[in-house]
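All you need for the numbering used here is the position in the first sequence, starting with 1, plus 16.
For glycine and all other residues, C-beta sits at the position ideal for the given N, C-alpha and C.
All figures in this text were calculated on a predicted structure; none of them were measured in a lab.
Below is one structure, written out as structure tokens; comments come after it.
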Amino acid sequence: MIRTHRATDLTDVSVGESVTIAGWVQRQRDHGGVAFFDLRDASGVVQVVADPDEYPIITELRMEYCVRVTGMIRERPEGTINEDLDTGSIEIGATAIEILSPADVLPFLIDDRVDVDERVRLQHRYLDLRRPRMAANLKARSLATSAIRRTLDELGFLEVETPTLINSTPEGARDMLVPSRLRQGEFYALPQSPQLFKQLLMIGGVERYYQIARCYRDEDFRSDRQLEFTQLDLEGSFWEREDVLDTIEVVLKAVAKAVRGIDMTEPFPRITWQEAMDRFGSDKPDIRFGMELVDLTALVAESEFGVFQKAISSGGTVRGINVGKQEWSRSRADAMTDRAKTLGAGGLVWMVVEPDGSLRSPVAKFLNEQETQGIKEALRAEPGDVLLLSADQWKTAVTVLGALRVELGRPVDHEDLAFLWVVDFPLFEEEDGKITFSHHPFTSPVSIDQMRGEPEKALSKAYDAVLNGVELGSGSVRIHDPEIQSQVFEILGIDRETAERRFGWFLQALRYGTPPHAGFAFGVDRVVMILQNEQSIREVIPFPKTQTGVDPMTGAPTWVDDQQLNDLGIVITPEAGQRRDDG
RNA sequence: GGGAGCGUAGAACAGUCUGGAGUGUUCGUCGGCCUGUCAAGCCGAAGGUCGCGGGUUCAAAUCCCGUCGUUCCCGCCA
Numbered sequence: 017m018i019r020t021h022r023a024t025d026l027t028d029v030s031v032g033e034s035v036t037i038a039g040w041v042q043r044q045r046d047h048g049g050v051a052f053f054d055l056r057d058a059s060g061v062v063q064v065v066a067d068p069d070e071y072p073i074i075t076e077l078r079m080e081y082c083v084r085v086t087g088m089i090r091e092r093p094e095g096t097i098n099e100d101l102d103t104g105s106i107e108i109g110a111t112a113i114e115i116l117s118p119a120d121v122l123p124f125l126i127d128d129r130v131d132v133d134e135r136v137r138l139q140h141r142y143l144d145l146r147r148p149r150m151a152a153n154l155k156a157r158s159l160a161t162s163a164i165r166r167t168l169d170e171l172g173f174l175e176v177e178t179p180t181l182i183n184s185t186p187e188g189a190r191d192m193l194v195p196s197r198l199r200q201g202e203f204y205a206l207p208q209s210p211q212l213f214k215q216l217l218m219i220g221g222v223e224r225y226y227q228i229a230r231c232y233r234d235e236d237f238r239s240d241r242q243l244e245f246t247q248l249d250l251e252g253s254f255w256e257r258e259d260v261l262d263t264i265e266v267v268l269k270a271v272a273k274a275v276r277g278i279d280m281t282e283p284f285p286r287i288t289w290q291e292a293m294d295r296f297g298s299d300k301p302d303i304r305f306g307m308e309l310v311d312l313t314a315l316v317a318e319s320e321f322g323v324f325q326k327a328i329s330s331g332g333t334v335r336g337i338n339v340g341k342q343e344w345s346r347s348r349a350d351a352m353t354d355r356a357k358t359l360g361a362g363g364l365v366w367m368v369v370e371p372d373g374s375l376r377s378p379v380a381k382f383l384n385e386q387e388t389q390g391i392k393e394a395l396r397a398e399p400g401d402v403l404l405l406s407a408d409q410w411k412t413a414v415t416v417l418g419a420l421r422v423e424l425g426r427p428v429d430h431e432d433l434a435f436l437w438v439v440d441f442p443l444f445e446e447e448d449g450k451i452t453f454s455h456h457p458f459t460s461p462v463s464i465d466q467m468r469g470e471p472e473k474a475l476s477k478a479y480d481a482v483l484n485g486v487e488l489g490s491g492s493v494r495i496h497d498p499e500i501q502s503q504v505f506e507i508l509g510i511d512r513e514t515a516e517r518r519f520g521w522f523l524q525a526l527r528y529g530t531p532p533h534a535g536f537a538f539g540v541d542r543v544v545m546i547l548q549n550e551q552s553i554r555e556v557i558p559f560p561k562t563q564t565g566v567d568p569m570t571g572a573p574t575w576v577d578d579q580q581l582n583d584l585g586i587v588i589t590p591e592a593g594q595r596r597d598d599g
């Protein structure tokens with residue numbers, strides 16, 4: 017046996033007893049006649065002390081050496097108790113110290129208090145994971161997934177694995193592709209979600225399915241997006257919306273309890289998509305703070321300000337928010353205006369309320385007294401407040417202000433948790449005059465007649481879960497009628513023949529007594545990120561990739577041998593080959 | 001595909017705006033001292049392709065162009 021105890025177990029061991037522990041040297045302190053080091057294992061830290069004359073090996077220890085120590089548990093002398101340490105009232109008087117494995121000089125300190133460039137951390141992720149913060153994040157992940165499994169097992173769900181080598185469909189996100197060797201020139205795709213397979217499980221009579229599933233989307237990275245990510249995927253037969261929301265709510269509360277230790281008793285609030293957009297300018301509103309959008313269109317309908325006139329006469333809207341007291345300089349105003357432009361706005365109107373109640377603004381001279389007063393009242397403006405107005409088509413106006421609202425008002429941490437359901441999504445959305453689905457084409461419409469008559473107004477039985485302004489995931493009641501499924505494809509511009517070719521196997525499956533079913537999926541990485549108060553998903557993924565899809569440690573992705581390419585029937589283009597030859 | 005920030009010793013930074021010898025700080029490393037520290041302390045030392053390439057200049061870490069890496073954002077993410 018290499019060790020008898022873990023570091024933090026030692027508080028339960030009686031003084032004078034001999035124990036053997038093993039772990040890593042966190043810090044060593046050599047005082048000449050007496051020397052200490054802190055030994056860290058997965059459980060925590062304990063101090064080891066020895067006389068260097070008796071045990072000269074203690075002076076050889078360096079940070080992150082892996083060591084084994086045998087010694088006597090003893091009380092620390094009065095005045096030397098370390099309150100910051102769980103084991104701070106005791107120490108081990110070493111009787112034997114053994115270096116199990118020495119360590120090279122470290123590329124960075126294993127210490128939460130030191131900020132290290134993320135690339136360096138990823139290059140030596142195994143060392144990064146020794147930091148308490150990362151160890152805590154890994155543990156939180158494990159607590160989250162075990163809470164999910166425990167909760168769903170109790171509710172009678174079956175955990176089923178679905179394939180990760182599946183067929184590619186051109187809709188939605190770009191697929192990660194895997195070339196087939198046995199059928200050269202053909203490709204598998206890695207699943208973006210187990211969507212169709214879980215619906216097939218419903219047809220297969222499973223009734224209650226879940227899976228903690230790895231999913232892949234070959235799109236550009238963000239701080240909350242990686243190529244591969246983990247979702248809790250779940251589906252139930254004979255289910256309607258309430259069954260899904262109830263179940264997911266129970267699961268998310270269990271996760272919050274497991275990771276944060278908090279009991280969330282209140283039901284998650286619900287908001288319609290329309291209300292979310294109107295009040296917060298986002299379909300994933302952060303409701304931890306107010307700063308809501310206000311419709312000013314009627315107030316400035318007669319305004320002589322050209323931008324307002326133009327927006328309103330072309331069917332647009334004028335919206336405003338009060339972002340409160342802000343440092344507001346010319347350069348700040350310019351930066352915000354630039355930001356609004358990158359978000360698609362033509363510009364941004366800003367106003368600062370002066371102590372005398374007047375408005376300081378480039379557009380103040382275009383506003384009469386009534387309009388000025390109206391805007392101030394509508395936005396509950398106090399002296400010192402900064403008001404931002406956007407005049408544009410409705411969606412642009414609200415989303416621009418919604419983004420600025422988050423950037424100017426959002427709390428920097430995730431101490432408070434604000435879960436939220438967003439419901440009643442539009443079934444379709446128009447993009448460059450082309451109709452696409454807002455969720456996915458297997459989502460049930462609220463009304464078939466409306467879907468056909470006024471598709472632009474049709475709502476879907478889809479719903480999103482949001483936490484602190486981050487979209488955790490979405491779900492819906494599915495279409496279980498093959499005829500309606502075909503009609504949805506048609507409205508989306510996928511003709512019967514194409515639909516039959518791509519999804520014929522699925523449409524056929526729907527024809528064998530498909531139960532009504534509904535489900536959901538949420539991102540495990542994102543939930544854990546927020547519960548752990550992290551700003552990036554990479555902090556809760558053990559081995560993430562950088563923004564260019566590279567793993568700095570292994571170097572993936574890499575070139576492969578010509579023989580491997582031959583087996584797959586793949587030829588590298590001259591352009592790509594040039595990069596290889598240069599590299 | 002586009003925009004912005006960053007890149008200086010093993011790590012974190014200052015220096016860059018306003019060009020003048022690789023100038024400095026903290027941690028780590030190496031050597032020495034030290035019997036109660038706990039991010040120990042004190043003394044000493046080593047450690048640099050200022051990401052890379054090109055240009056401007058008498059002179060470039062500093063100014064300009066390109067490029068690579070990285071982060072954030074827009075597009076994208078049904």
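- Item | Straight-line Cα distance separating Phe559 from Val540 | Position 524 of the first sequence, counted from the start, is the residue given in the question as residue 540. Position 543 of the first sequence, counted from the start, is the residue given in the question as residue 559. Those two C-alpha atoms are separated by around 15 Å.
- Message: Taking the beta strand (DSSP E) that Arg56 belongs to, which residues open and close that run?
- Response: Here residue 56 refers to the residue found at position 40 when the first sequence is read from its first residue. From DSSP, the beta strand (DSSP E) with Arg56 extends over 51-57.
- Helix, strand or coil: which one does DSSP assign to Ile278? One-based indexing of the first sequence puts residue 278 at position 262. Residue state, collapsed to three classes: coil.
- Message: Bridge partners for Leu212 per DSSP, in chain order?
- Response: Locating residue 212 in the first sequence gives position 196, counting from the first residue. Looking at the DSSP assignment, Leu212 forms no beta bridge with any residue, so it has no partner.
- Query: When the Cβ atoms of the stretch 410-420 are set against those of the stretch 324-337, are three or more pairs found closer than 8 Å?
  - Reply: yes
- Item | Under the three-state DSSP convention, the category Lys561 falls into | For the purposes of this step, residue 561 is taken as residue 545 along the first sequence, with counting starting at 1. It is coil, neither helix nor strand.
- Less than 8 Å between the CB atoms is what I'm expecting for Met17 and Arg43, so what's the real figure, rounded? In the first sequence, residue 17 corresponds to position 1, counting from 1. In the first sequence, residue 43 corresponds to position 27, counting from 1. The Cβ separation is near 27 Å, so there is no contact.
- Message: Distance check for Pro68 and Thr75, CA to CA, integer angstroms please.
- Response: Looking up residue 75 in the first sequence gives position 59. Looking up residue 68 in the first sequence gives position 52. For Thr75 and Pro68, the distance between alpha carbons rounds to 7 Å.
- Item | Environment of Thr246 [buried if 16+ CB atoms lie within 10 Å] | Walking along the first sequence from the start, residue 246 turns up at place 230. Buried, by the Cβ-count rule.
- Item | Local conformation of Pro72 per DSSP, three classes | Mapped onto the first sequence, residue 72 falls at position 56. Reduced to three states, the DSSP call for Pro72 is helix.
- How many angstroms separate the CA atom of Pro457 from the CA atom of Gln501? Numbered from its first residue, the first sequence carries residue 457 at position 441. Numbered from its first residue, the first sequence carries residue 501 at position 485. Using only the alpha carbons, I get a separation of about 8 Å.
- DSSP state of Arg146 mapped onto helix, strand, coil: Looking up residue 146 in the first sequence gives position 130. Arg146 falls in the coil class under three-state DSSP.
- Is Val121 buried or exposed, if buried means 16 or more other CB atoms sit within 10 Å of its CB? In the first sequence, the residue the question calls residue 121 occupies position 105. Counting Cβ neighbours within 10 Å, Val121 comes out exposed, since fewer than 16 surround it.
- Could you tell me whether the Cβ atoms of Ile113 and Val83 are closer together than 8 Å? Translated into positions along the first sequence, residue 113 becomes position 97. Translated into positions along the first sequence, residue 83 becomes position 67. In contact: Ile113 and Val83 (Cβ atoms closer than 8 Å).
- Mapping DSSP to helix, strand and coil, what is Asp302? By 1-based counting over the first sequence, the position of residue 302 is 286. Asp302: coil per DSSP, three-state reduction.
- Query: Taking the alpha carbon of Gly509 as the point to measure from, which residue in Gly306, Ile557, Phe444, Leu420 has its own alpha carbon closest?
  - Reply: In the first sequence, residue 509 corresponds to position 493, counting from 1. The option with the nearest alpha carbon to Gly509 is Phe444.
- Query: Can you tell me the Cα-Cα spacing of Val438 and Arg355, whole angstroms?
  - Reply: Position 422 of the first sequence, counted from the first residue, corresponds to residue 438. Position 339 of the first sequence, counted from the first residue, corresponds to residue 355. When rounded, the distance between both Cα atoms is 26 Å.
- So, helix, strand or coil for Asp46, using DSSP? The residue labelled residue 46 in the question sits at position 30 within the first sequence. Asp46: strand per DSSP, three-state reduction.
- Message: Can you tell me where the beta strand (DSSP E) holding Thr353 begins and where it ends?
- Response: Residue 353 sits at position 337 when you count from the first residue of the first sequence. Looking at the DSSP string, Thr353 is not in any beta strand (DSSP E); the run it does join, the alpha helix (DSSP H), is 346-358.
- Query: Taking the beta strand (DSSP E) that Ile606 falls in, what are its first and last residues?
  - Reply: An answer regarding residue 606 cannot be provided, because it is not within the stretch 17 to 599 covered by the chain.
- Quick one: residues in its chain with C-beta nearer than 7 Å to the C-beta of Leu312, no 5 flanking neighbours on either side, listed in chain order? As a working note, residue 312 is residue 296 in the first sequence. The residues are Val334, Arg335, Gly336, Ile391, Ala394, Leu405.
- Rounded to whole angstroms, how far is the Cβ of Ser59 from the Cβ of Ala23, which I believe are closer than 8 Å? On the first sequence, position 43 is the one that residue 59 refers to. On the first sequence, position 7 is the one that residue 23 refers to. About 5 Å; that satisfies the 8 Å criterion.
- Report the rounded CA-to-CA distance for Ser511 versus Ile451, giving the unit in angstroms. Residue numbering aside, residue 511 sits at position 495 when the first sequence is read from its first letter. Residue numbering aside, residue 451 sits at position 435 when the first sequence is read from its first letter. The amino acid at residue 511 is misidentified as Ser; the sequence shows Asp. Whole-angstrom Cα-Cα distance: 14 Å.
- Evaluate Arg517 with the Cβ neighbour count: other Cβ atoms within 10 Å of its Cβ, from every protein chain shown; 16 or more gives buried, anything less gives exposed. Counting from one through the first sequence, the residue named residue 517 turns up at place 501. It is exposed - the Cβ of Arg517 has fewer than 16 other Cβ atoms within 10 Å.
- Message: With distance defined between alpha-carbon atoms, name the residue in Val566, Gln580, Ile557 nearest to Leu145.
- Response: By one-based count along the first sequence, residue 145 stands at place 129. The candidate whose alpha carbon is nearest that of Leu145 is Ile557.
- Message: Quick check on DSSP: helix, strand or coil for Thr27?
- Response: As a working note, residue 27 is residue 11 in the first sequence. In the structure shown, Thr27 sits in a helix (DSSP, three-state: H, G or I).
- Query: Which partner residues does Pro659 have in the DSSP bridge list?
  - Reply: The displayed coordinates of the chain run from 17 to 599. Any statement about residue 659 would go beyond what the structure contains.
- By how many angstroms is the C-alpha of Gly485 removed from the C-alpha of Pro427? In the first sequence, the residue the question calls residue 427 occupies position 411. In the first sequence, the residue the question calls residue 485 occupies position 469. Approximately 11 Å, taken between the alpha carbons.
- Task: Quick one: give me the first and last residue of the beta strand (DSSP E) that Val438 is part of.
- Result: To locate residue 438, count along the first sequence from 1; it is residue 422. Counting along the chain, the beta strand (DSSP E) containing Val438 begins and ends at 435-439.
- Task: Can you give me the start and stop residues for the beta strand (DSSP E) that Pro115 sits inside?
- Result: Position 99 of the first sequence, counted from the first residue, corresponds to residue 115. The question names Pro, but residue 115 in the sequence shown is Ile. Run containing Ile115: 106-117, per the beta strand (DSSP E) assignment.
- Task: Would you kindly report the start and end of the unbroken alpha helix (DSSP H) that includes Arg542?
- Result: In the first sequence, the residue the question calls residue 542 occupies position 526. Element bounds for Arg542: 540-547.
- Out of curiosity, what's the CA-to-CA distance linking Pro179 and Tyr225? Against the first sequence, residue 179 aligns to sequence position 163. Against the first sequence, residue 225 aligns to sequence position 209. The straight-line gap from Cα to Cα measures roughly 15 Å.
- Whole-Å CB distance - Asp401 paired with Asn338, under 8 Å assumed: As a working note, residue 401 is residue 385 in the first sequence. As a working note, residue 338 is residue 322 in the first sequence. With a Cβ gap of about 5 Å, Asp401 and Asn338 count as contacting.
- Query: Where does Thr246 sit, in a helix, a strand or coil, going by DSSP?
  - Reply: Counting from one through the first sequence, the residue named residue 246 turns up at place 230. Reduced to three states, the DSSP call for Thr246 is strand.
- Query: Can you tell which of Pro378, Ile164, Val130, Glu265 has the C-alpha that lies nearest to the C-alpha of Gln227?
  - Reply: Within the first sequence, residue 227 is the residue found at index 211, counting from 1. The residue with the shortest Cα to Cα distance from Gln227 is Ile164.
- Item | Integer-rounded CB distance, given that Val260 should sit under 8 Å from Phe538 | Position 522 of the first sequence holds residue 538. Position 244 of the first sequence holds residue 260. Contact flag wrong, Cβ pair sits at about 11 Å.
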